[in-house]
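Visitor: Letter by letter, the first sequence follows residues 2 to 283 of the numbering used here. Please find one structure pasted underneath; my questions will follow.
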Amino acid sequence: MPELPEVETVRRGLELQVGRFPIGETIVCRSRAVAAPKGDPDGFTAALRGCELAGWRRRGKYLVAKLERDGAPAGELGVHLRMTGQFQWLQREERPPCPHTRVRFLSEKHELRFVDVRSFGELWFVPLGTPTEQVITGLTRLGPEPFSDAFNANYLRQRLKGSSRPIKNALLDQALVAGVGNIYADESLFMAGIRPHTPSGSVSAARLEKLRAALVKVLELSIGAGGTTFSDFRDLTGTNGNYGGQAWVYRRGGEPCRQCGTILRRDTLGGRSSHWCPSCQR
DNA sequence: CAGCTACCCTGGCCGC
DNA sequence: TGCGGCCAGGGTAGCT
2 MPELPEVETV RRGLELQVGR FPIGETIVCR SRAVAAPKGD PDGFTAALRG
52 CELAGWRRRG KYLVAKLERD GAPAGELGVH LRMTGQFQWL QREERPPCPH
102 TRVRFLSEKH ELRFVDVRSF GELWFVPLGT PTEQVITGLT RLGPEPFSDA
152 FNANYLRQRL KGSSRPIKNA LLDQALVAGV GNIYADESLF MAGIRPHTPS
202 GSVSAARLEK LRAALVKVLE LSIGAGGTTF SDFRDLTGTN GNYGGQAWVY
252 RRGGEPCRQC GTILRRDTLG GRSSHWCPSC QR
């Protein structure tokens, strides 16, 4: 399940390995993968024909590529990997598409392939002149990036004041902070010593600052490791990250805490599994 | 309007 | 060996 560090790892791969990519042909293998223009894979391929992918940015778990035609702006391409989406960077004809191939971008010598087992991933074409968030509407609901100045203890205190929902649920809310998913929510709560069930509004400013710092630290660690080993995440070369070896609690329910030996718990919160240490987290 | 739940999808795993 | 049932989970629609 790609979260911010995994998406950032993919973004860097697209920048460094793929670089500028001239799209000749686009083949949509499953039309549901194209979120815009919705239900119109032919319109999607027609819009992209002759465009060049010219630089990628990340916002939360969204990736957005600049498109250029003959050196001039030609709109944007948005991508969300969701659960199992991945890009593969191949020589042309290197290997035939697997059954989970959703979209294929072909240049003269290479192929950038979007593969997605569970088919939750989506791609958007944003026409030139149309505001990006008008097409990729999820962008409008995103809170601040975890590394930004806007994401601080004061902000969290204000936003969570009076809220009864568990702090774990709040962390997963992309409107509160962008890019956090189940792995890093559980890991940061452990590092900050906060139980996932704690009502958001009752977490003190001091503990919110601990949580902010823990979240930034765990995200930075994982980006440095090239993403997590968990899940189906793969970078452009097909290798996965290296963060999983350091996981404190994620998916470790029933196992002993690496810090104190207490048996870790697993509870369902907000429809998601939460892993935590009843001794280290209060 | 905050905060739930169902849903989308498919491979993997568990129990019988 | 085979099959049913459940689980994983990001984001959104739609409900309370």
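Glycine included, every Cβ here is placed at the ideal spot set by N, Cα and C. The model shown is predicted, which means the values in this text are computed figures rather than measured ones.
1) Judging by CA-CA distance, which residue of V250, R105, L190 is the nearest neighbour of E210?
2) If you compare alpha carbons, which of D268, Q282, K39, H276 is closest to T138?
3) Less than 6 Å between C-beta atoms, sequence neighbours within five positions excluded: which residues of the same chain meet that for L172?
4) State the DSSP-derived secondary structure class of T263, mapped to helix, strand or coil.
5) Can the beta-carbon of W249 be found less than 8 Å from the beta-carbon of E188?
6) Closest to V136 by C-alpha separation, out of S205, E53, H81, C30, would be which residue?
7) So for Y251, helix, strand or coil by DSSP?
8) For E109, I'd like the list of residues in its chain whose CB is within less than 8 Å of its CB, leaving aside the five on either flank, ordered along the chain.
9) Write down every uninterrupted run of the beta strand (DSSP E) in the segment 93-178 whose length is 3 residues or greater and which is fully enclosed by it, in chain order.
10) The beta strand (DSSP E) that contains G79, what's its start and end?
11) At the level of alpha carbons, what is the spacing between F152 and L270?
12) Within the same chain, show all residues whose beta-carbon is closer than 8 Å to that of Y156, passing over the 5 residues directly before and after it, in chain order.
13) Short check: CB of R266 to CB of P279, under 8 Å?
14) In whole angstroms, what is the alpha-carbon distance linking T46 and L143?
15) Go to I28, then tell me how far its beta strand (DSSP E) extends in each direction, as first and last residue.
16) Apart from the five residues on each side of it in sequence, which residues of its chain come closer than 7 Å, Cβ to Cβ, to E9?
17) Identify every residue that forms a DSSP beta bridge with H276.
18) Work out the CA separation of A154 and A207 for me, nearest whole Å.
19) According to the Cβ coordinates, are M192 and K218 closer than 8 Å?
20) What are the partner residues of G86, as DSSP defines its beta bridges?
21) Could you check which residue in R96, H111, I195 has the C-alpha nearest to that of R21?
22) Exposed or buried, which one is T238 when buried takes at least 16 other CB atoms within 10 Å?
23) Could you tell me the distance, in whole angstroms, from the CA atom of R119 to the CA atom of T85?
Guide: So, from the listed chains and residues:
1) Of the candidates V250, R105, L190, the one whose C-alpha sits nearest the C-alpha of E210 is L190.
2) It is K39 whose Cα lies nearest to the Cα of T138.
3) Taken in chain order, the residues that qualify are V181, A186.
4) Correct three-state label for T263: coil.
5) Cβ distance < 8 Å, so W249 and E188 count as in contact.
6) The candidate whose alpha carbon is nearest that of V136 is H81.
7) In the displayed model, Y251 falls within coil according to three-state DSSP, outside both helix and strand.
8) These residues qualify, in order along the chain: P23, G25, R93.
9) Listed in chain order, they are 102-107, 111-117, 123-127.
10) Start and end: 73-81.
11) Spanning the two alpha carbons is a distance of roughly 24 Å.
12) Excluding sequence neighbours, Y156 sits near P145.
13) Cβ atoms of R266 and P279: closer than 8 Å.
14) Approximately 28 Å, taken between the alpha carbons.
15) I28 -> beta strand (DSSP E) spans 26-29.
16) So the qualifying residues of the chain are R59, I224.
17) R267, per the DSSP bridge assignment.
18) In this structure, the straight-line span from the alpha carbon of A207 to that of A154 is close to 8 Å.
19) Yes; because the gap between Cβ atoms is below 8 Å, this pair is in contact.
20) In DSSP, G86 forms a bridge with D117.
21) Closest option to R21, Cα to Cα, is H111.
22) Under this definition T238 is an exposed residue.
23) If you take the alpha carbons of R119 and T85, they lie about 6 Å apart.
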